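Numbering (UniProt numbering), first residue to last: 1 to 296. Using N, Cα and C, we set each Cβ at its ideal position, and we do this for glycine too. Here the structure is a predicted model, which means the values were calculated and not measured.
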């Protein structure tokens with residue numbers, strides 16, 4: 001007796017669904033939203049509140065010295081009767097200007113030098129690397145203190161004192177990223193067809209290193225603000241009577257027992273600003289990686 005078995009159809013396998021980049025890196029976390037909200041609020045407040053509320057960071061009132069928060073002075077006053085909110089917002093203008101200005105200057109000098117060193121190599125790379133190593137041999141904060149002491153207290157000199165120790169780090173970062181990109185196929189293809197080095201650096205290299213550079217720049221802004229605060233705390237930063245978060249903290253040391261707000265207000269402004277910049281830098285880097293899948 002024969003047993004007939006109907007042939008079974010081959011199992012069909014559903015086509016694989018193409019994977020899409022994870023969206024988690026592109027979502028705005030609560031900390032990201034709060035960081036952005038703080039920075040926007042800080043910028044709008046320092047631009048609008050002095051005019052809207054008539055705040056004057058230099059106006060003194062002996063009768064109001066060391067007074068607590070009130071309708072007239074939302075965060076209280078210092079030992080000269082000056083409004084703490086007005087001085088904190090004025091200090092924000094100084095800190096953000098020095099932070100963004102010094103990092104922008106360091107990046108504009110350091111990134112092109114690093115890209116050229118990583119792409120050309122040879123003698124040019126050796127000279128640039130030697131200068132970078134010499135500058136990095138000094139701790140950044142110590143070098144900034146030395147330059148600020150030598151140049152004197154002014155906004156321009158503080159910018160220079162912070163830019164000099166920051167520039168070598170951008171050189172090294174850009175060089176390392178350029179070395180990683182320079183050996184890729186599309187760069188070699190551009191070389192084969194005779195594309196000038198300037199075009200290769202601008203079109204092929206820079207777009208693939210800008211994420212790392214911009215992310216580090218955001219972190220560096222917070223570092224620059226911290227260094228400026230330290231210089232002003234020591235009397236080597238922004239000269240009086242221009243308020244700065246560091247100089248406000250220094251001034252409040254003598255009155256911390258009677259009125260801790262003199263230290264708490266500028267310290268909280270500085271803490272939230274630096275923390276927000278660091279969190280946004282982390283979000284920017286992870287978000288770009290989720291979309292692009294990293295460097296090509």
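Throw me the rounded Cβ distance for the residue i and residue j pair, which I believe falls under 8 Å.
| i | j | result |
| --- | --- | --- |
| residue 50 | residue 89 | 6 Å |
| residue 91 | residue 248 | 6 Å |
| residue 182 | residue 209 | 10 Å between Cβ atoms; not a contact. |
| residue 163 | residue 102 | 5 Å |
| residue 148 | residue 132 | Residue 148 to residue 132, Cβ: 21 Å. No contact. |
| residue 231 | residue 222 | Incorrect: roughly 15 Å between the Cβ atoms, too far for contact. |
| residue 32 | residue 283 | 5 Å |
| residue 95 | residue 202 | In fact, because the Cβ distance is near 33 Å, the residues do not count as touching under 8 Å. |
| residue 118 | residue 170 | Between residue 170 and residue 118 the Cβ distance is about 12 Å, and since that is not below 8 Å, they are no contact. |
| residue 107 | residue 217 | 6 Å |
| residue 35 | residue 276 | 4 Å |
| residue 124 | residue 116 | 6 Å |
| residue 141 | residue 225 | Wrong, their Cβ atoms sit about 13 Å apart, outside the cutoff. |
| residue 269 | residue 66 | Wrong, their Cβ atoms sit about 19 Å apart, outside the cutoff. |
| residue 266 | residue 58 | That pair is no contact at about 16 Å. |
| residue 42 | residue 273 | 6 Å |
| residue 153 | residue 235 | 7 Å |
| residue 78 | residue 84 | 6 Å |
| residue 114 | residue 178 | 7 Å |
List the DSSP bridge partners of residue i.
| i | result |
| --- | --- |
| residue 83 | 77 |
Quick one: grab the DSSP three-state call for residue i.
| i | result |
| --- | --- |
| residue 193 | coil |
| residue 60 | coil |
| residue 70 | coil |
| residue 27 | coil |
| residue 93 | helix |
| residue 44 | helix |
| residue 54 | coil |
| residue 210 | helix |
| residue 112 | helix |
| residue 198 | helix |
| residue 65 | coil |
| residue 11 | Because residue 11 sits at a pLDDT of 45, beneath the cut-off of 50, its placement in the model cannot be relied upon, and the following sentence gives the value as read from the coordinates. In the structure shown, residue 11 sits in coil (DSSP, three-state: anything other than H, G, I, E or B). |
| residue 22 | With a pLDDT of only 42 at residue 22, under 50, the local geometry of the prediction cannot be trusted, and the value read off the model is given with reservation. In this structure, residue 22 counts as coil in the three-state DSSP scheme. |
| residue 290 | Low confidence applies to residue 290: its pLDDT is 43, below 50, so where it sits in the model is not reliable, and the reading given next is rough at best. Reduced to three states, the DSSP call for residue 290 is helix. |
From what residue to what residue does the alpha helix (DSSP H) around residue i run?
| i | result |
| --- | --- |
| residue 135 | 122-136 |
| task | Would you list, in sequence order, the uninterrupted beta strand (DSSP E) runs of no fewer than 3 residues that lie entirely inside the stretch 231-286? | result | none
| said: Just to confirm the assignment: which complete alpha helix (DSSP H) runs, minimum length 4, are found wholly within the stretch 142-188? | reply: 155-182
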